[in-house]
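Trainee: The following block contains the structure, expressed as structure tokens.
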Amino acid sequence: IVILIEMDRILRPGGRAYIRDSRSILAEVEVLAKLVGWKAVMVKTHEGIYGDSMVLICQ
């Protein structure tokens, strides 16, 4: 959560953060991002049927 708060301070209004990790980690980060007040959307990376990576887009 400390990193998200620092990112929120650094990003300009209207800025975006792209976070890439496994689905399970991003699910936890998505909850925290929404608590900070960001709009967060998780998208697939198209790595194939066995790929577990996703990207969390925060604004």
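Residues in the sequence shown are numbered consecutively from 59, following the numbering used here.
Glycine included, C-beta positions come from ideal geometry on N, C-alpha and C.
Give me the Cα-Cα distance between L69 and T103, rounded to the nearest whole angstrom.
Mentor: 24 Å
Trainee: If I measure Cβ to Cβ from L84 and keep anything under 6 Å in the same chain, skipping five residues before and after, which residues do I get?
Mentor: M100, M112 and L114
Trainee: Please state whether the Cβ-Cβ distance between V94 and D66 is less than 9 Å.
Mentor: yes
Trainee: Give the DSSP bridge partners of S80, in chain order.
Mentor: For S80, which the question treats as bridged, DSSP gives the partners S111.
Trainee: DSSP three-state call for K92: helix, strand or coil?
Mentor: helix
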